[in-house]
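Residue numbers 606 to 690, in the working numbering, belong to the letters of the sequence shown in order.
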Amino acid sequence: MSARCHVVELALDALDFPDRLAMLALLKRLPELGTLKCVEIALAPAGGGRLSFVVHDVPDAGELRHDLAALVGDEAIRLCTARPA
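Here you go:
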């Protein structure tokens with residue numbers, strides 16, 4: 606089996622992530638998902654923003670999507686797909 610990673614893109618709503626402290630709380634929990642690489646954060650001035658990253662050591666995209674939905678809500682997940690590492 607070849608090595609796989611998962612590419613994730615999130616669109617975080619300002620109501621759920623109103624400030625940098627809310628975003629920081631989310632960032633602290635991301636390592637629970639697996640080994641993170643290439644984390645990119647774009648904070649919107651009025652809250653919310655975009656968060657993209659690559660995660661390794663996850664068995665499948667379905668499990669990762671479930672864990673992400675528990676953290677940010679299903680509607681925030683724009684992309685969660687497996688790719689060759």
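For every residue, glycine included, the Cβ atom is placed at its ideal position computed from N, Cα and C.
Beyond the five residues adjoining it in sequence on each side, A666 comes within less than 7 Å, by CB distance, of H611, C685, T686 and A687 in the same chain, given in chain order. Taking V613 as reference, the option from A619, P650, C643 and L648 with the minimal CA-CA separation is C643.
By the C-beta density criterion, G653 is buried, having at least 16 other C-beta atoms within 10 angstroms. In the structure shown, the three-state DSSP call for L641 is strand.
By the neighbour-count criterion, in which 16 or more other beta carbons inside 10 Å mark a residue as buried, L669 falls on the buried side.
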